[in-house]
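The numbering of the sequence shown is our numbering, which starts it at 1 and goes up by one.
Just so it is clear, CB atoms sit at the ideal spot from N, CA and C, and this is done for glycine as well.
Since the model is a prediction, treat every value here as computed from it, not as a measurement.
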Amino acid sequence: MPNTHAPNPWMKRIAVALLLLVLGIVAGALISRSITPTVDSSTAAQLQAPHPLQPFRLTYDGVPQLGNDDLRGKWSLLFFGYTHCPDICPATLAELARTYELLAQEPGVLDDTQFIFVSIDPARDTPQTLAAYTDYFNPAFIGVTGDTEQLTALARQMDIQFRRGDGSDEAYNVDHASAILLIDPQVRYHARIKAPHHAQDVHRQFLEIRRQYQPPSS
């Protein structure tokens, strides 16, 4: 899976989005200081019967980006988005970066865990573009894309929808789902974590799913 480095042209836009995110978190904390926090288990929906992903292969200009073998033997947290996304994507990747930092404190967990950003905007997101974008959040994050047909087929396997909005060839948004998708080491779609995402919740939910995980008998 390529992760070629390139200059980052979105730093200002991402920084603004993250600043708004931080302000929102601070405001929420001030409002809820006197309230006893509770765990909202509805944000994590572990599937009753995790189902195997059908064989897939994402390629960009004929260069392999992602396939089943890249997921085998690891826990994969997938998020579908695009680098020109004004809000959901930078906010979610920021929370995933914090999740990564929390998981780094759990011995051995990151040895078999990977974070993958799947771009649904191949017209603007080249592998070099994605490498620069994901590196901004965490150098360990992987950015991939494919052609629209490949992306649609993969997304459908996990009930993810996306649609290009109106606009010119260079100025348009892409409507997309905001869930974080969890693929288990057997390359099965195991769970989805619905928005809103908070690093501590994602960290806790992921560790609980790992703890309960039982590989299918051969």
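With distances taken between CB atoms, is the gap from Ser119 to Leu130 smaller than 8 Å?
In the sequence shown, the residue the question calls residue 119 occupies position 119. In the sequence shown, the residue the question calls residue 130 occupies position 130. Cβ atoms of Ser119 and Leu130: closer than 8 Å.
Same chain only: Cβ atoms within 6 Å of Thr179, ignoring 5 sequence neighbours per side:
On the sequence shown, residue 179 is found 179 positions in, with the first residue counted as 1. Reading off the sequence, residue 179 comes out as Ala, not Thr. Arg192, Lys194, listed in sequence order.
What residue ranges within the region 116-195 form continuous beta strand (DSSP E) runs of no fewer than 3 residues, ordered along the chain?
142-144, 162-167, 172-176, 180-183, 188-193
Quick one: Cα of Pro216 to Cα of Ala49, how far?
Taking the first residue of the sequence shown as 1, we reach residue 216 at position 216. Taking the first residue of the sequence shown as 1, we reach residue 49 at position 49. One C-alpha to the other measures close to 11 Å.
Based on DSSP bridge pairs, tell me the residues matched to Tyr60.
Within the sequence shown, the letter at position 60 stands for residue 60. Answer is Val63.
Whole angstroms are fine: how far does the CA of Asn173 sit from the CA of Phe80?
By 1-based counting over the sequence shown, the position of residue 80 is 80. By 1-based counting over the sequence shown, the position of residue 173 is 173. The straight-line gap from Cα to Cα measures roughly 14 Å.
With a threshold of 16 other CB atoms inside 10 Å of the CB of Ile122, please say whether the residue is buried or exposed.
Reading the sequence shown from its first residue, position 122 is the one you call residue 122. The question names Ile, but residue 122 in the sequence shown is Pro. Pro122 should be labelled buried.
Is there a Cβ from chain D that is less than 8 Å from the Cβ of Gln212?
Protein chains in the displayed structure number just one, and chain D is not present.
Ala104 - DSSP class collapsed to helix/strand/coil:
Residue 104 sits at position 104 when you count from the first residue of the sequence shown. Ala104 falls in the coil class under three-state DSSP.
Local conformation of Thr113 per DSSP, three classes
On the sequence shown, position 113 is the one that residue 113 refers to. Of the three classes helix, strand and coil, the one that applies to Thr113 here is strand, per DSSP.
Where does the unbroken alpha helix (DSSP H) through Leu53 begin, and where does it stop?
The residue given as residue 53 occupies position 53 in the sequence shown. Looking at the DSSP string, Leu53 is not in any alpha helix (DSSP H), and its letter there is neither H nor E.
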